[in-house]
Amino acid sequence: MNQNKFLFTVIIIFVITLGIGGFFAVNRRPAEVLSENPAVTPVSVSNTLSVNQPSATNKELENTENTAVKNRMYIVTIETSLGEIQFETFDKDAPKTVNNFITLAGKGFYDGLTFHRVVKGFVIQGGDPNGNGTGGPGYKFEDELDPNSESGKFGYKKGIVAMANSGPDTNGSQFFITLGDVPLPYKYTIFGKVVKGIEAVDKIGIVETGAQDKPLQPVFMKKVKVRELGL
Numbered sequence: 048m049n050q051n052k053f054l055f056t057v058i059i060i061f062v063i064t065l066g067i068g069g070f071f072a073v074n075r076r077p078a079e080v081l082s083e084n085p086a087v088t089p090v091s092v093s094n095t096l097s098v099n100q101p102s103a104t105n106k107e108l109e110n111t112e113n114t115a116v117k118n119r120m121y122i123v124t125i126e127t128s129l130g131e132i133q134f135e136t137f138d139k140d141a142p143k144t145v146n147n148f149i150t151l152a153g154k155g156f157y158d159g160l161t162f163h164r165v166v167k168g169f170v171i172q173g174g175d176p177n178g179n180g181t182g183g184p185g186y187k188f189e190d191e192l193d194p195n196s197e198s199g200k201f202g203y204k205k206g207i208v209a210m211a212n213s214g215p216d217t218n219g220s221q222f223f224i225t226l227g228d229v230p231l232p233y234k235y236t237i238f239g240k241v242v243k244g245i246e247a248v249d250k251i252g253i254v255e256t257g258a259q260d261k262p263l264q265p266v267f268m269k270k271v272k273v274r275e276l277g278l
């Protein structure tokens, strides 16, 4: 009788332990979310996208000259369907990246595109003409990563604007804005920081999403405007 009672007690404890372990396994934020694994990292998922498959429209932008002026600072205003976001550019740290973004914005490339990927507490990502993480402007260019630069030392803190990529030197048009201080590896060119409208960024960051972190209701970049600040 005592043996049966002891066995019953052991079984009960084992079942309870499994239940608790299962609860934490399901509800705990996986460590890989902030790892370099492209299959699960929100920004690195763009590391699986193909950025060199230009459509006919993208092809027109492939060999255009940059319209940005070297060593100038710019304020970029993104009018979204959930509010206005402004960020200043880091021209000294990432001149090619800034030139690329300003050039595309000046041609209306970003107007009407969406933030196709939203990961709560992590990033919002946009700039894909295909709207699914597979598109770009029809070309790619090199990274600008200097750990000794001001932006390199600053890192991926909240409100940082950086390029998404599919590996080293594969930048195109897709970019992301961080929703918090994110411990990402230093592999994504930082070219700006939000200076106004962080509440709009936060608002986008909590929209309801479905498969592949895509918002169920599209969040549009209605218009992207650039203002030059000078030297």
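Sequential numbering from 48 applies to the sequence shown in our numbering.
Quick reminder that beta carbons are idealized off the backbone N, C-alpha and C, glycines included.
- Contact annotation: residue 229 and residue 251 have beta-carbon atoms that are not nearer than 7 Å.
- Nearest neighbour of residue 236 by Cα position, chosen from 166, 123, 273, 203, turns out to be 203.
- Listed in chain order, the non-local C-beta contacts of residue 145 below 8 Å within the same chain comprise 115, 121, 136, 137, 138, 238, 239, local neighbours out to five positions each way being set aside.
- In this structure, residue 241 sits near residue 206, with a CB-CB distance shorter than 7 Å.
- An exposed status is given to residue 189, since fewer than 16 other beta-carbon atoms sit within 10 Å of its beta-carbon.
- With distances taken between CA atoms, residue 233 lies nearest to 198 out of 170, 198, 270.
- Shown here for residue 125: same chain residues with a beta carbon closer than 6 Å to its own, the five before and five after excluded, namely 132, 268, 271 in chain order.
- Taken atom to atom, the span from the alpha-carbon of residue 181 to that of residue 169 is near 20 Å.
- The beta carbons of residue 220 and residue 153 sit about 13 Å from each other, so the pair does not count as a contact at 8 Å.
- Here the C-alpha atom of residue 185 lies approximately 15 Å from the C-alpha atom of residue 178.
- Per DSSP, residue 266 lies in no alpha helix (DSSP H) segment and is marked neither H nor E.
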